[in-house]
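Just so you know, the protein sequences line up as chains A and B, in that order.
Taken in order, the first sequence gives residues 35 to 393; the numbers are from the working numbering.
Taken in order, the second sequence gives residues 35 to 393; the numbers are from the working numbering.
Glycine residues also receive a C-beta, built at the ideal position from the N, C-alpha and C atoms.
Quick caveat: nothing in here was measured; it's all calculated off a predicted structure.
Have a look at the structure below before the remarks.
Protein chains: 2
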Amino acid sequence: MELTERKKKVLRSVVDLYIRTAEPVGSKAITALPDMKYSSATIRNEMADLTTMGYLEQPHTSAGRIPSAAGYRLYVDELMAEYRLSIDETRSINTAIEEKMQKVDKLVEKVARMVSQATDLPAISMASRAANATVKRFELILAGSGSFILVVMLSNDEVVNKLIKLPLTVTDEDLKLLSALLNATMTELPLEEFTAGLMDRVMRSAGKASSLVPVIVEFTTDTLRHSGSANMVVTGQSRLLGLPEYRDVDKAQKVLSGLDEDALSNLPAVMQNTNGTKVLVGPENVSAELKDTSVVMTKFDIGDGMQGMIGVVGPTRMDYAKVTARLSYFAESLSKMFGKPETPQLPEPVAEEETPKEA
Amino acid sequence: MELTERKKKVLRSVVDLYIRTAEPVGSKAITALPDMKYSSATIRNEMADLTTMGYLEQPHTSAGRIPSAAGYRLYVDELMAEYRLSIDETRSINTAIEEKMQKVDKLVEKVARMVSQATDLPAISMASRAANATVKRFELILAGSGSFILVVMLSNDEVVNKLIKLPLTVTDEDLKLLSALLNATMTELPLEEFTAGLMDRVMRSAGKASSLVPVIVEFTTDTLRHSGSANMVVTGQSRLLGLPEYRDVDKAQKVLSGLDEDALSNLPAVMQNTNGTKVLVGPENVSAELKDTSVVMTKFDIGDGMQGMIGVVGPTRMDYAKVTARLSYFAESLSKMFGKPETPQLPEPVAEEETPKEA
DNA sequence: TTTAGCACTCCATATCCTTGAGTGCTAAGC
DNA sequence: GCTTAGCACTCAAGGATATGGAGTGCTAAA
Chain A
35 MELTERKKKV
45 LRSVVDLYIR
55 TAEPVGSKAI
65 TALPDMKYSS
75 ATIRNEMADL
85 TTMGYLEQPH
95 TSAGRIPSAA
105 GYRLYVDELM
115 AEYRLSIDET
125 RSINTAIEEK
135 MQKVDKLVEK
145 VARMVSQATD
155 LPAISMASRA
165 ANATVKRFEL
175 ILAGSGSFIL
185 VVMLSNDEVV
195 NKLIKLPLTV
205 TDEDLKLLSA
215 LLNATMTELP
225 LEEFTAGLMD
235 RVMRSAGKAS
245 SLVPVIVEFT
255 TDTLRHSGSA
265 NMVVTGQSRL
275 LGLPEYRDVD
285 KAQKVLSGLD
295 EDALSNLPAV
305 MQNTNGTKVL
315 VGPENVSAEL
325 KDTSVVMTKF
335 DIGDGMQGMI
345 GVVGPTRMDY
355 AKVTARLSYF
365 AESLSKMFGK
375 PETPQLPEPV
385 AEEETPKEA
Chain B
35 MELTERKKKV
45 LRSVVDLYIR
55 TAEPVGSKAI
65 TALPDMKYSS
75 ATIRNEMADL
85 TTMGYLEQPH
95 TSAGRIPSAA
105 GYRLYVDELM
115 AEYRLSIDET
125 RSINTAIEEK
135 MQKVDKLVEK
145 VARMVSQATD
155 LPAISMASRA
165 ANATVKRFEL
175 ILAGSGSFIL
185 VVMLSNDEVV
195 NKLIKLPLTV
205 TDEDLKLLSA
215 LLNATMTELP
225 LEEFTAGLMD
235 RVMRSAGKAS
245 SLVPVIVEFT
255 TDTLRHSGSA
265 NMVVTGQSRL
275 LGLPEYRDVD
285 KAQKVLSGLD
295 EDALSNLPAV
305 MQNTNGTKVL
315 VGPENVSAEL
325 KDTSVVMTKF
335 DIGDGMQGMI
345 GVVGPTRMDY
355 AKVTARLSYF
365 AESLSKMFGK
375 PETPQLPEPV
385 AEEETPKEA
């Protein structure tokens, strides 16, 4: 059967209405739309066709139609009108970002909160470090007799540290020597080369401080191993319960448990080869628990070779146009903010942080 | 009216039963209990008394009784039988801790997940840094021309760092000088002394690197300001929905939104002067959203002057005995693990807290 | 002081009915 | 040919009514 222009128009109307009302859409409701010049009977025929073509579904004989997954897919890909953010919306997103981004180290969490608030849906936010990092530099800082701080700088400019306490006394001198040794032997190495053999060699050269080596090596390999893994936050789950489709507690629980589990761990894989915004409709989704929901995700650039992803989870009938618009705008603003450190037009040192407010 | 032993026994039975069934408890159900030697009429009289005394409530005339907040309070404080953890339970908690604790920096999150799983309720986990910290030491590490890493060591042995990129070239020499200056002038100072005047003086002495000072100072004050603030994670919200009292979506939403908001920010204050485990029943609770739920919280020691708190949120009829037992055991195990400096394979003398030992 | 008995209350559940929105189909109109 | 008015039919949602049963309070007897 041919998917005529009129059929598309009807389909779009059905989806639009269903997104607004969450109720099955009848032929009469379509007729009432401003630029629908046909009678309800004609619409009924078109809707019957769309149903046999698989774009619409009927909960029961005497109900209106609701879009099927395929219907949403078509809608998202071709039919939906682009949503233009109002100036108000862009402004409120911008000020939100400015206000909240004082402390960058909570980036992931903050972004999740903001996105959740902006869309009134649960939001996912994650940042993944660049994979396959190597160590660029070790620093050992004395912190008192018997304890020191290990600082490991990675090739992706990430820095991790750890306070290590040992039952032996170390001097500043010991640490200087040891860090020189570490920097000479264990930098620029991929994870695979951190073998027992390497550790042995280093320990043998380390002399007095050799007992520190295992702790350091363990922490380092651990860091390298987990570099590249994602750091994910989900917030705003309770917003789901405000939606009519989740008045059914069982449904709600299924979805929520799909959200706070590590069930989302393959999201990064799904987004691997995508640029920009991706919409996963219902069954296309990452996990079984989410098969009755949709996920809209988009990437952004955090700089330093790191990537961020933000997304929201909602019912399949969510307002894709609005959500994708807001999400993209978020991603764009964040990319602008973090992606390019090389745009210092302020004499003010531009770190990842902003505006010293001390007068 | 006198609260006789028999009344207490009845009250305990009512609470026990209600915890199990989530249904109002009638006089007959009490009679059916193994060591109840009285008839239902007698029990009825006792229950009527307990109702007028405010320990029980009646949803409607012809229903059984449910405990009031005061009833739960009494139950928790005096009546409940101590729950003894089985060997299985202690073992599974221990292995969970061992497995998951590889990476300490995700402590808070991991703990929340484990506790939530162990109790089948939403869990809260937080770690608060010691308040009123001062800076013990600054370190500046070159990370490439135009960028360096600022490491700030606090008096509570916490270490924070930040990668700073600047549009000017800094040499290793510059950084050495600057860090000496910082360590000479800005360590051991409480937050209040970080004034504009101080910054001016430092900048004037800093010479070539003076433009770095504002960024450093800002980051430092920010760190000090947020030191003492808590780092909180809530997980397992969806577990609530499995409970009969939250089949009502509106109730569920209220509670959930009370959980993922910052509504919990005054929990630390509530726990301030408590040691061990605290039970907040219903209206005693931290926020209005949680007034129909109970919170069980307990502290543990992370070492380095930092404190952790774990807790769960559940319906007022939750199994207090079981929950508090598991929570305490968790807290104890974690204290053992972190409370003392990290001494590889040295058995340590630990914790003087009371020990629910395995049977 | 305890208990058996009884009348009473009120919720929960099931059943039945009505209502109305929506459909598919047919036949007439353009 | 396409479109539309009309009609019979279906089915879920909501309201009203009846019924069963769990539980109570009270009284009087043991």
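Worksheet item: Which residue's Cα is closest to the Cα of G345(A): D326(A), I336(A), D353(A) and V313(A)?
Response: V313(A)
Fill in: Per-residue burial, Q136(B) [other beta carbons within 10 Å of its own, 16 or more giving buried]
Reliability fails at Q136(B), whose pLDDT of 49 lies under 50, so the model's placement of it is uncertain and the value that follows must be treated cautiously. Burial call: exposed.
Worksheet entry | Rounded C-alpha distance that separates R118(B) from V267(A) | 35 Å
Worksheet item: Who are the neighbours of G270(A) on chain B, taking C-beta pairs under 8 Å?
Response: Chain B residues near G270(A): D294.
Item to complete: Locate the alpha helix (DSSP H) running through D151(A), then write down its first and last residues.
Response: Note that residue 151(A) is Gln in the sequence shown, not Asp. The continuous alpha helix (DSSP H) containing Q151(A) extends over residues L141 to T153.
Worksheet item: Should R171(A) go down as buried or exposed, given a rule of 16 or more other Cβ atoms within 10 Å for buried?
Response: buried
Discussion item. Please report the distance separating the alpha-carbon of T229(A) from that of E116(B).
Written reply: 50 Å
Worksheet entry | Assumed close pair V283(B), V194(A) - CB separation to whole angstroms, cut-off 8 Å | With a Cβ gap of about 43 Å, V283(B) and V194(A) do not count as contacting.
Worksheet item: Beta-carbon of V145(B) versus every beta-carbon of chain A: anything under 8 Å?
Response: Judged by the 8 Å Cβ criterion, V145(B) is not in contact with chain A.
Fill in: Length at least 4, wholly inside the segment 153-228 of chain B: the alpha helix (DSSP H) runs in chain order
206-219
Discussion item. If we require 3 or more residues per run, which beta strand (DSSP E) segments fall completely within the segment 289-369 of chain B?
Written reply: 311-314, 327-337 and 340-349
Discussion item. Would E173(B) pass as an interface residue toward chain A - the criterion being a Cβ-Cβ separation below 8 Å?
Written reply: yes
Fill in: Pair within 8 Å by beta-carbon distance, A152(A) and I175(A)
no
Discussion item. Quick check on K196(A): buried or exposed, where buried means 16 or more other Cβ atoms within 10 Å of its Cβ?
Written reply: buried
Item to complete: For the alpha helix (DSSP H) holding D234(A), just list the boundary residues, first then last.
Response: A230 to A240
Discussion item. Spatial neighbours of P278(A) within its chain, please: C-beta separation below 7 Å, excluding the five flanking residues on both sides.
Written reply: Excluding the 5 residues flanking it on each side, P278(A) has same chain C-beta neighbours closer than 7 Å at A56, in chain order.
Fill in: CA nearest to the CA of K199(A), picked from I336(A), A177(A) and M187(A)
A177(A)
Worksheet entry | Under 8 Å from the C-beta of M187(A): neighbouring residues of chain B | Residues of chain B with a Cβ closer than 8 Å to the Cβ of M187(A) are, in chain order, I175, A177 and I183.
Worksheet item: Going along chain A in order, which residues have a C-beta closer than 8 Å to the C-beta of N195(B)?
Response: Neighbourhood of N195(B) in chain A, by CB distance below 8 Å: V185, V193 and N195, in chain order.
Worksheet item: Is any beta-carbon of chain B found at less than 8 Å from that of L290(A)?
Response: yes
Worksheet item: By DSSP, does P58(A) sit in helix, in strand, or in coil?
Response: coil
Worksheet item: When the Cα atoms are used, what is the spatial distance from A359(A) to E143(A)?
Response: 21 Å
Item to complete: List the DSSP bridge partners of M266(A).
Response: M160(A)
Practice prompt. Put L246(B) into one of helix, strand or coil per three-state DSSP.
Written response: helix
Worksheet item: Using 8 Å as the Cβ pair cut-off and three pairs as the minimum, do the segment 39-56 of chain B and the segment 364-373 of chain A touch?
Response: no
Discussion item. Please return the same chain residues whose Cβ sits closer than 8 Å to the Cβ of R78(B), not counting the five positions on each side in sequence.
Written reply: If you ignore the 5 residues before and after R78(B), its C-beta comes within less than 8 Å of the C-beta of S61, all in its own chain and listed in chain order.
Fill in: Per-residue DSSP class, three states only, for R78(B)
helix
Item to complete: Could you work out which residues of chain A lie near R46(B), taking near to mean beta carbons separated by less than 7 Å?
Response: Here the premise fails: no neighbours, minimum Cβ distance about 31 Å.
Discussion item. Distance cutoff 8 Å, beta carbons only. Does R281(A) sit that close to anything in chain B?
Written reply: yes
Discussion item. Taking DSSP's pairing of strands, which residues face I64(B) in a bridge?
Written reply: Answer is none; I64(B) lacks a bridge partner.
Worksheet item: Alpha carbon to alpha carbon, what distance is there between M233(B) and N166(A)?
Response: 40 Å
Fill in: With 16 other Cβ atoms within 10 Å as the buried cut-off, status of T299(A)
Sequence check: residue 299(A) is Ser here, not Thr. Looking at its Cβ environment, which holds fewer than 16 other Cβ atoms inside 10 Å, S299(A) is exposed.
Item to complete: Go ahead and label S73(A) buried or exposed: buried means 16 or more other beta carbons lie within 10 angstroms of its beta carbon, across all protein chains shown.
Response: Classification of S73(A): exposed, given that the 10 Å Cβ count is below 16.
Worksheet item: What in chain A is Cβ-close to G13(B), meaning under 7 Å?
Response: No statement about residue 13(B) is possible, as the shown extent of chain B runs from 35 to 393 and does not include it.
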